[in-house]
Amino acid sequence: MKHSIPYLAVVIIVCYAFYNATVQQHTGKRTKSNKATSVYAEHTAEHKVSHIREELDRLHTDEYTRTYIINVINHGSTQLRFKKNEIMEEGFVSKEDAPKIACYVMSLSGKKCRDPYPEDAAMFYTSVCGGCHGDDGKGLGGTYPDLTRKTLLGIEKREEFLRSMLAK
């Protein structure tokens, strides 16, 4: 009997947790977590169109492009799969060097950063990015994304997605 008490306690706790989960699911009780999720869903539904329009208005600005490039450098990209099962992984450069490279990449398409990129940005780009995107940024014969486009492909895809959300 002495050894079965801990097992019995575990069984009781599991049964109680299962009961609570089942009762709350069927009675529709709202927990704090559900309430927060619901408030967010209501806010999103109410303001979705205005947020989408705001992002569409900023989509082709130099600052949006810079932020997008820094994001891809820091977090990688799985959305653009140019070669089967190949993605651009994160972490090729430090978070401190990402803005340098982003400003240099923007210069390839004629865009300007609010802060000019440092002299070593071209070296960073060539050593880290040039292997796939080419020293000129055109993507090594179309195999990898062309970074000299007026609108980068990822931003173009984002615009298509946002416009489709407005159409719903």
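The C-terminal residue of the sequence shown carries number 197 in my numbering, and the numbering is unbroken.
C-beta: ideal position from N, C-alpha, C; glycine also.
Exposed or buried, V43, counting other C-beta atoms within 10 Å across all chains shown (16 or more means buried)?
Reading the sequence shown from its first residue, position 14 is the one you call residue 43. By the neighbour-count rule (16 or more Cβ atoms within 10 Å), V43 is not buried but exposed.
Kindly indicate which three-state DSSP category S138 falls into: helix, strand or coil?
As a working note, residue 138 is residue 109 in the sequence shown. Correct three-state label for S138: coil.
Between R178 and the rest of its own chain, which residues show a CB-CB distance below 7 Å, the 5 nearest in sequence each way excluded?
Numbered from 1 along the sequence shown, position 149 holds the residue referred to as residue 178. For R178, where only same-chain residues beyond five positions count, the Cβ hits under 7 Å are S138.
Can you tell which of Y69, L37, I184, T94 has its C-alpha closest to the C-alpha of K141?
The sequence position of residue 141 within the sequence shown is 112, counting from 1. Ranking the options by Cα distance to K141, first place goes to T94.
Which residue from E188, M135, I34 puts its Cα closest to that of D165?
Within the sequence shown, residue 165 is the residue found at index 136, counting from 1. Here the closest residue by C-alpha is M135.
Where does M152 land, buried or exposed, given buried means 16+ other C-beta within 10 angstroms?
Working through the sequence shown from its first residue, we reach residue 152 at position 123. That one is exposed.
Following the continuous alpha helix (DSSP H) through Y97, name the residue where it begins and the one where it ends.
In the sequence shown, residue 97 corresponds to position 68, counting from 1. Here the alpha helix (DSSP H) through Y97 covers 91-104.
Could you please give the first and the last residue of the uninterrupted alpha helix (DSSP H) stretch that includes N185?
By one-based count along the sequence shown, residue 185 stands at place 156. Note on identity: in this sequence residue 185 is Glu, with Asn being the wrong assignment. Start and end: 182-196.
Taking the alpha helix (DSSP H) that S156 belongs to, which residues open and close that run?
By one-based count along the sequence shown, residue 156 stands at place 127. Start and end: 150-157.
Taking the alpha-carbon positions, what's the I116 to V78 distance?
As a position in the sequence shown, residue 116 is number 87, starting the count at 1. As a position in the sequence shown, residue 78 is number 49, starting the count at 1. Their Cα atoms are separated by approximately 31 Å.
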